[in-house]
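A.B. asks: Please see the structure below; I have some questions.
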């Protein structure tokens with residue numbers, strides 16, 4: 006009678022995940038600078054994508070085609086759809102993300118982070134990113150000099166005196182949420198935390214962008230261009246942060262004492 010064939014051994018999903026985590030852990034231990042180097046590549050990709058996206062939107066605005074074709078219809082639709090309740094809520098959102106309240110939030114966040122965690126590098130990165138995005142926005146507004154939407158479409162006429170492209174509120178809020186989320190996540194990375202960061206950031210950015218559109222202060226292309234710029238700023242932050250991590254990993258590796266090879270062969 007033939008012997009029964011052996012039952013194939015299959016691994017459970019949990020054991021496969023454990024092996025993957027173990028392999029990743031060994032790779033990180035053997036090559037401590039590998040993960041930061043990959044992150045630098047991702048950061049550079051964000052810079053390129055964000056810059057290319059902004060240039061594409063700017064071209065559409067200057068040529069009055071593609072995305073810019075949505076500017077007037079979207080503005081007219083939102084003006085006609087206004088209600089007192091939504092207007093009040095989005096006015097609050099716009100105020101919080103504006104040049105008065107948002108800098109206070111940034112300063113408080115940076116000071117608390119540095120004081121409580123005794124780590125000033127993330128606070129410096131966050132503050133630097135916000136300053137950079139503000140300067141970029143102001144410079145581009147002056148150079149491009151795109152007029153705001155008509156005054157009669159604004160909920161409060163005359164409250165905005167700068168040019169329209171890009172949206173300063175949107176780039177400020179997007180940079181704050183993207184960079185803060187990254188700095189929190191990179192210290193304790195996990196997939197659930199990443200998904201939570203992406204969902205919360207997307208919701209916050211869209212809410213601020215919608216407030217600027219709904220209140221009649223910007224066009225669609227203004228806020229989309231700001232989102233692209235914020236992505237580029239995030240990429241720059243990732244590059245700076247991970248290059249610092251690479252330097253620290255290499256410094257640690259070179260400072261570790263060499264392993265003792267043990268006694269050599271006896272000399273006769």
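In my numbering, the protein residues as written are 6 to 273.
Glycine included, C-beta positions come from ideal geometry on N, C-alpha and C.
#1: Buried or exposed for residue 30, going by 16 or more other Cβ atoms inside 10 Å?
#2: Let me know the secondary structure DSSP gives residue 89 once reduced to three states.
#3: Measure the CB-CB distance between residue 236 and residue 54 and report whether it falls below 8 Å.
#4: Short check: CB of residue 114 to CB of residue 185, under 8 Å?
#5: Out of 111, 43 and 94, which one is the CA nearest neighbour of residue 212?
#6: Give me the Cα-Cα distance between residue 255 and residue 44, rounded to the nearest whole angstrom.
#7: Is DSSP giving residue 222 helix, strand or coil here?
#8: Could you have a look at residue 77 and say whether DSSP puts it in helix, strand or coil?
#9: Return the CA-CA distance between residue 220 and residue 42, expressed in angstroms with no decimal places.
#10: Express the C-alpha separation of residue 149 and residue 168 in angstroms, rounding to a whole number.
#11: Considering residue 119, what are the terminal residues of the alpha helix (DSSP H) in which it resides?
#12: Distance, Cα to Cα, residue 65 vs residue 111?
#13: When you compare only the Cα positions, how much space is there between residue 129 and residue 85?
#14: Do three or more CB pairs link the region 196-213 to the region 115-122 at distances below 8 Å?
#15: Excluding the five sequence neighbours on either side, which residues of its own chain have a C-beta within less than 6 Å of the C-beta of residue 253, listed in chain order?
#16: How many Å lie between residue 68 and residue 245 at the Cα?
#17: Just the Cα atoms here: how many angstroms apart are residue 231 and residue 163?
#18: Does residue 51 have its Cβ less than 8 Å from a Cβ in chain D?
#19: Apart from the five residues on each side of it in sequence, which residues of its chain come closer than 6 Å, Cβ to Cβ, to residue 154?
#20: Touching or not, the region 193-201 and the region 134-148, by the rule of three or more beta carbon pairs under 8 Å?
#21: Would you mind giving the Cβ-Cβ distance between residue 174 and residue 226, rounded to the nearest angstrom? I have them listed as a contact below 8 Å.
#22: Assuming residue 135 and residue 181 form a contact by the criterion Cβ under 8 Å, report the distance between their Cβ atoms to the nearest whole angstrom.
#23: Is any heavy atom of the ligand GDP found at a distance shorter than 7 Å from the C-beta of residue 93?
C.D. replies: On the basis of the data shown:
#1: Locating residue 30 in the chain shown gives position 25, where the first residue counts as 1. The pLDDT assigned to residue 30 is 48, lower than 50, so where the model puts this residue is not dependable; a value taken from the coordinates is nonetheless given after this. Residue 30 should be labelled exposed.
#2: Locating residue 89 in the chain shown gives position 84, counting from the first residue. Residue 89 falls in the helix class under three-state DSSP.
#3: In the chain shown, residue 236 corresponds to position 231, counting from 1. In the chain shown, residue 54 corresponds to position 49, counting from 1. Yes, they are a contact pair.
#4: Within the chain shown, numbered from 1, the residue matching residue 114 stands at position 109. Within the chain shown, numbered from 1, the residue matching residue 185 stands at position 180. Yes, these two residues count as a Cβ contact at 8 Å.
#5: One-based indexing of the chain shown puts residue 212 at position 207. Comparing Cα-Cα distances from residue 212 to each of 111, 43 and 94, the minimum goes to 94.
#6: Reading the chain shown from its first residue, position 250 is the one you call residue 255. Reading the chain shown from its first residue, position 39 is the one you call residue 44. Each residue's alpha carbon lies about 16 Å from the other.
#7: Position 217 of the chain shown holds residue 222. Reduced to three states, the DSSP call for residue 222 is coil.
#8: As a first step, residue 77 must be located in the chain shown, where it is residue number 72. The answer is helix: DSSP assigns residue 77 an H, G or I state.
#9: Taking the first residue of the chain shown as position 1, residue 220 is located at position 215. Taking the first residue of the chain shown as position 1, residue 42 is located at position 37. Going from the Cα of residue 220 to the Cα of residue 42 covers about 43 Å.
#10: For the purposes of this step, residue 168 is taken as the residue at position 163 of the chain shown. For the purposes of this step, residue 149 is taken as the residue at position 144 of the chain shown. Each residue's alpha carbon lies about 8 Å from the other.
#11: Along the chain shown, read from residue 1 onward, the residue named residue 119 stands at position 114. Here the alpha helix (DSSP H) through residue 119 covers 106-122.
#12: The residue you call residue 65 lines up with position 60 of the chain shown. The residue you call residue 111 lines up with position 106 of the chain shown. Rounded to whole angstroms, residue 65 to residue 111 spans 33 Å at the Cα level.
#13: Here residue 129 corresponds to residue number 124 of the chain shown, with the count starting at 1. Here residue 85 corresponds to residue number 80 of the chain shown, with the count starting at 1. Distance between the alpha carbons of residue 129 and residue 85 is about 43 Å.
#14: no
#15: Here residue 253 refers to the residue found at position 248 when the chain shown is read from its first residue. Cβ neighbours of residue 253 beyond the five flanking positions: none.
#16: Numbered from its first residue, the chain shown carries residue 68 at position 63. Numbered from its first residue, the chain shown carries residue 245 at position 240. Roughly 35 Å separates the two Cα atoms.
#17: For the purposes of this step, residue 231 is identified with residue 226 of the chain shown, where counting begins at 1. For the purposes of this step, residue 163 is identified with residue 158 of the chain shown, where counting begins at 1. The straight-line gap from Cα to Cα measures roughly 22 Å.
#18: Reference to chain D is not applicable here, since this structure consists of a single protein chain.
#19: Counting from 1 along the chain shown, the entry for residue 154 is found at position 149. Answer for residue 154: 80 and 221, listed in chain order.
#20: no
#21: As a first step, residue 174 must be located in the chain shown, where it is residue number 169. As a first step, residue 226 must be located in the chain shown, where it is residue number 221. Incorrect: roughly 15 Å between the Cβ atoms, too far for contact.
#22: Residue numbering aside, residue 135 sits at position 130 when the chain shown is read from its first letter. Residue numbering aside, residue 181 sits at position 176 when the chain shown is read from its first letter. Correct: roughly 6 Å between the Cβ atoms.
#23: The ligand GDP is not part of this structure, which contains no ligands at all.
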